[in-house]
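Student: The numbers in the UniProt record's numbering rise by one with no breaks, and the one at position 26 of the sequence shown is 26. Note that the Cβ used here is the ideal one computed from N, Cα and C, for glycine as well. As the structure is a prediction and not an experimental result, all values here were calculated from the model. Handing you this structure, nothing more for now.
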Amino acid sequence: MVMAHTTSPAIPLPSPTFAGATFKVPATDLIYSNNGDGTCIAGFGYSSLNFAILGNVFLQNNYVIFNQAIPNVPIAPLAGL
Numbered sequence: 001m002v003m004a005h006t007t008s009p010a011i012p013l014p015s016p017t018f019a020g021a022t023f024k025v026p027a028t029d030l031i032y033s034n035n036g037d038g039t040c041i042a043g044f045g046y047s048s049l050n051f052a053i054l055g056n057v058f059l060q061n062n063y064v065i066f067n068q069a070i071p072n073v074p075i076a077p078l079a080g081l
């Protein structure tokens with residue numbers, strides 16, 4: 001996804017919801033690359049698949065524990081987001 005580079009994005013911020021909990025990602029973390037020509041590349045994208053891949057844009061803003069013994073993946077938002 002390529003969008004106009006601004007300090008305050010004109011699009012709504014993605015806030016994924018899992019099991020009734022909503023998780024936020026700050027706008028400053030959504031910009032993957034600033035091309036220097038007035039456009040930037042977002043650190044997320046859309047897919048028609050029925051699953052999601054959560055990358056570093058999401059993971060760096062949430063506490064995520066990978067528990068292979070149970071198995072489960074508890075997620076909690078960072079304080080202040």
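Quick check: what's the CA-CA separation for residue 57 versus residue 37?
Tutor: Their backbone Cα atoms lie some 23 Å apart in a straight line.
Student: Given residue 83, which residues of its chain have a CB within under 7 Å of its CB, disregarding the five upstream and five downstream residues?
Tutor: Because residue 83 is not part of the residues shown, which for the chain are 1 to 81, the question remains open.
Student: Around the C-beta of residue 23, are 16 or more other C-beta atoms found within 10 angstroms, so that it is buried, or is it exposed?
Tutor: By the neighbour-count rule (16 or more Cβ atoms within 10 Å), residue 23 is buried.
Student: Strictly by DSSP, which residues pair up with residue 31?
Tutor: Answer is 42.
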